[in-house]
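Enquirer: Next up is a structure, given as structure tokens.
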Amino acid sequence: MKGFVLLLVMVGFCQLAMAQASGTITGEVKNESGDMLSFASIILKGTNYGVASDANGAFEFMAPAGNYTLIISEIGFQSINKRITVRSGQTIDMGTVVLKEKESELGEVTVVGERNEYTVDEPSGSLRLNEKLIEVPQNIQVVTAQALEDQQIIDMSDGVLRNVSGATRLEHWGNLYARVNMRGSRAGAFRNGMNVTSNWGPLNEDMSFVETIEFVKGPAGFMMSNGEPSGIYNVVTKKPTGVTRGEVNLTMGNYDLYRGTLDLDGKLSKDGKLLYRLNVMGQTQNSFQDYTFTDRYSVAPVVSYQLDDKTKLTLEYVYQHVNMSNVGSAYVFSTEGYGIYDQSFTIAEPGLDPTKIDDHSVMANLQHDISDNWKVTAQLAYFNYQQEGSSMWLNNVDADGNLLRYVSIWDALNQNAFGQVFVNGEVKTGGVNHRVLAGLDIGTKEYIADWSQSHQLDSINGGFFNMNNPVYGRPVNGLPQFDRSQSLRQRANTSSITQSYSGFYLQDELGFFENALRLTLAGRYTYVNQNSYGAVDEDSRITPRVGLSYSINDQTSVYALYDQAFVPQTGVLKSGEPVKPITGNNMEFGAKREFFNGKWSTGLSLYRIFKNNQMVSDPENPTAQYSLLTQTTTQGVEFDARGEIIPGLIVTANYAYTDSEITDDERTGEFSQVGSPVPGFAKHVANGWLTYSIQSGVLEGLGVSAGFTYQADRTTWNWPGDNQLALPNYFKLDGGLSWENDNLTIRANVFNLLNEYLYSGSAYATYYYYQAEAPRNARLSVGFRF
């Protein structure tokens, strides 16, 4: 409760930055008598872009390039719908729009325009860049809310990664968290620009309150430098739009999936200065495996207030509650290899207490326009994650399928607090344009857990759990009864991980030849102090960032980038030298191309990442504290395409080739691993998703969808050995049908159409473990907008 009160106090200082856009729409609204109409609703149909007219009837807002239907409405007046084309960097002046009172017998005029809902022109404001994606010298991919809806994605671990080249998910801790790997290592997890990465977190975000998910490939010095060099993903939550509207969705599916969401958006004051957004979700779901389930609900209110014409404050709270089956019970073990047992087989035991999670976050952001060209943003956030539950693993498995299962307590507390201030601005010196970004970041993280108690369900003396002839409900040693009489902090003792950091970033993007050629010069100073299970380490580092981008024309650019990251580490080197942090250096070249005024976009990137000073145990004396150093090299090619190819046909397609191996090793002779692959990636990853909707006629609104995921040459989680079995290639095919009009959407998708036995896993000591995915299954959703 004390922490929750602290959250509410912190909320008073800041707001979440609103997404940037590419074109401006302006105008004013009057009635037939010539009186200005304040609080009129101006919105682009089918999007979140819009505004309310001010006290003088004027309006102005920004939106991505594309073709839209602009809807202007007010209570008691007839709505006017106009087809418009928003172009990058240009302003559309609608002039004076006159609304007629409703007693007129004239009906509303509706002009159906084309919409592009899979592409955005600029990243969200929380990425700080304040420029168009095509100008950024880095591979950044944005998954939109429409893509999430079309694919019926319900949380962060539920198929999001098919929309991004080369991203894969490792370790499947149920619906606890999504560990995303890109470019050879783990990607950092961000929420609205805040680094929320932890060892077993953050909790999977439910998609009911998510607007977009941004993937930044490679080090992102403008966001952080103390992390893996693979990149980050940034979950951007929904904000108020100023348009009064609502939407309710109901979903049902196989394995007793029942889900409902509610999205309300509108004004809390007549002058339109105080706005709100409320997203609520409730879900219950079992599994294709017995005794496995996930029930959850979330509440996400957001309030924004326009303090004056230059200053806006937004306050956001997200609460997620999860009640799920024992973490780890979805794993299957075997001495023979992978996929030995039926997909529905489980080692879970009925009667085990569920794992319960309460996840609170409060975020606030204050954004102030200093002038037309300069703005400052200040953010504060507090995250509090509390878990009470257990996890299952094994003590032994033999060739006859006899298993000794044990359950360990897993209670945890994860607390994070963050503060950010950053300034964006533009200034000219002679013929050179300077796009400046300067920022200060501070943060503290604490993760404590109790794993100290365990209970063996089975017994070696005639009480095995036999996977060939499983008997449930009667473990020979009974079910565990854990002692929670002491507080978690007392029980956790030294089982804690803490980190505090501060950093300052300064970037100047110099634009030459009317900004056609852009040179980015930047640097970040970062100080990190961390304590991992009692081992203390601190480090500070200056990491440079240099980028070069050239616009061949308005829709084509090429770029080059060099950026760095580092990871503090603890240990004792055999040489006796001080321990250095892991460093990662990324060199990247790429090209970006937009087609048909940004209706669809493509990107191609080539990269090489050197990761130095990775510590490994001394193979000649593995029980000692001594460590040796290795270098890994990850290189590859990535291609992404997304958008509307022709009216009604929207495509997402991507491919990535990734090669990651050890290139230098202090271990010698038979112990050297030079040339061995680094585990945790697939060499070839290809994804596709196609949606076609009929645009006119009797069948207008009817749509069909199809998608696939293919992975080849998958490596295991652990370091591979000569006698370990390789994972087979992976192919999954999905498809669906939909129908929608202005108010109603009906959507059905079938996943794993070919009913393939899909799984991932790894060798572990003398056996294998793997986790199966669901066989063919379907979801049906009905959405109503009002």
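Quick note on numbering: the sequence shown equals residues -19 to -1, 1 to 767 in mature numbering (1 follows the signal peptide of the UniProt record, and there is no 0). Ideal placement from N, C-alpha and C gives every residue a C-beta, glycine not left out.
(1) With a threshold of 7 Å between beta-carbons, can TYR278 be considered close to chain B, or not?
(2) To test your reading of the DSSP string, which unbroken beta strand (DSSP E) runs of 3 or more residues are found completely within the region 617 to 701?
(3) The beta strand (DSSP E) spanning ARG505 covers which residue range?
(4) Taking DSSP's pairing of strands, which residues face GLY247 in a bridge?
(5) What three-state label does DSSP hand VAL145 in the structure shown?
(6) Rank LEU384, VAL280 and LEU385 by C-alpha distance to the C-alpha of ASP340 and give the top, closest one.
(7) For MET175, collect the residues of the same chain with a Cβ closer than 6 Å to its Cβ; drop the 5 residues on either side in sequence, then sort them by chain order.
(8) If contacts are defined as beta-carbon pairs under 8 Å, then ALA44 and SER69 qualify, I think. What distance do you get, rounded to the angstrom?
(9) In this structure, what does DSSP give as the bridge partners for GLU726?
(10) Which same chain residues end up closer than 7 Å to ASN710 when comparing Cβ atoms and leaving out the 5 residues on each side of it in sequence?
(11) Does the region 369 to 378 come within contact of the region 182 to 200, defined as at least 3 CB pairs closer than 8 Å?
(12) To the nearest angstrom, how far is it from the Cα of VAL67 to the Cα of ASN474?
(13) According to DSSP, ASN458 sits in a beta bridge with which residue or residues?
(14) Could you tell me the distance, in whole angstroms, from the CA atom of ASN304 to the CA atom of GLY629?
(15) According to DSSP, is ILE115 helix, strand or coil?
(16) If you draw a straight line from the alpha carbon of TYR748 to that of ASN449, how long is it in whole angstroms?
(17) Looking at the unbroken beta strand (DSSP E) that takes in ALA572, where does it start and where does it end?
(18) Between which two residues does the alpha helix (DSSP H) harbouring ASP131 extend?
(19) Mapping DSSP to helix, strand and coil, what is GLY106?
(20) Just to confirm my understanding: we take GLY318, look at its own chain, exclude 5 residues before and 5 after, and list those with CB closer than 8 Å. What are they?
(21) Can you tell which of SER435, VAL548 and THR242 has the C-alpha that lies nearest to the C-alpha of THR507?
(22) When the Cβ atoms of the region 409 to 418 are set against those of the region 457 to 471, are three or more pairs found closer than 8 Å?
(23) If the criterion is Cβ atoms closer than 7 Å, does the pair ASN173 and SER107 meet it?
(24) Along the chain, where does the beta strand (DSSP E) that runs through ALA393 open and close?
(25) Report all residues from its chain with a CB closer than 6 Å to the CB of ARG499; omit the five preceding and five following residues, and keep chain order.
(26) Between which residues of its own chain and LYS426 is the CB-CB distance below 6 Å, once the five residues before and five after are set aside?
(27) Is the CB-CB distance between ASN120 and GLY571 below 7 Å?
(28) Name the DSSP beta bridge partners of ALA362, please?
(29) What did DSSP end up calling SER211 once you bin it into helix, strand or coil?
(30) Tell me, which residues are paired with SER22 by DSSP?
(31) For the region 730 to 748 and the region 157 to 173, state whether three or more C-beta atom pairs, one from each stretch, are separated by less than 8 Å.
(32) Which term fits GLY424, buried or exposed, when burial requires 16 or more other beta carbons within 10 angstroms of its beta carbon?
(33) With a CB to CB cut of under 7 Å and the five nearest residues on each side skipped, what residues in its chain are close to SER60?
(34) How would you call ARG623, buried or exposed, if buried means at least 16 neighbouring beta carbons within 10 angstroms?
(35) Can you list, in chain order, the residues of its chain whose CB lies under 7 Å from that of LEU151, leaving out five sequence neighbours each side?
Expert: Inspection of the coordinates gives the following:
(1) Chain labels in this structure do not include chain B; a single protein chain is all it has.
(2) If we require 3 residues or more, the beta strand (DSSP E) runs fully inside the region 617 to 701 come out as 630 to 646, 663 to 674 and 683 to 695.
(3) 498 to 513
(4) TYR257
(5) coil
(6) Relative to the Cα of ASP340, the nearest Cα in the group LEU384, VAL280 and LEU385 belongs to VAL280.
(7) ALA362 and PHE399
(8) The pair is not a contact, with the Cβ atoms about 11 Å apart (cut-off 8 Å).
(9) Sequence check: residue 726 is Thr here, not Glu. In the DSSP assignment, the residues bridged to THR726 are GLU721 and GLY764.
(10) GLN692 and ALA693
(11) no
(12) 59 Å
(13) Beta-bridge annotation (DSSP): ASN458 is not paired with any residue.
(14) 40 Å
(15) Note: ILE115 maps to helix in three-state DSSP.
(16) For TYR748 and ASN449, the distance between alpha carbons rounds to 16 Å.
(17) 563 to 576
(18) Annotation: the continuous alpha helix (DSSP H) that includes ASP131 extends over 126 to 131.
(19) helix
(20) Within the same chain, GLY318 has close Cβ partners LEU706 and TYR749.
(21) VAL548
(22) Using a C-beta cut-off of 8 Å, the region 409 to 418 makes no contact with the region 457 to 471, since fewer than three inter-stretch Cβ pairs fall below that distance.
(23) The beta carbons of ASN173 and SER107 sit closer together than 7 Å.
(24) 392 to 410
(25) GLU490, GLY492 and SER530
(26) These residues qualify, in order along the chain: ASN397 and GLN480.
(27) Annotated as proximal: ASN120 and GLY571, with beta-carbon spacing under 7 Å.
(28) MET344 and PHE399
(29) coil
(30) Residue pairing from DSSP places SER22 in a beta bridge opposite ALA33 and SER54.
(31) no
(32) buried
(33) Within the same chain, SER60 has close Cβ partners ILE52, ILE53, SER54 and GLU89.
(34) When all chains shown are included, ARG623 counts as buried.
(35) Within the same chain, LEU151 has close Cβ partners ARG160, ASN162, GLY661 and TRP698.
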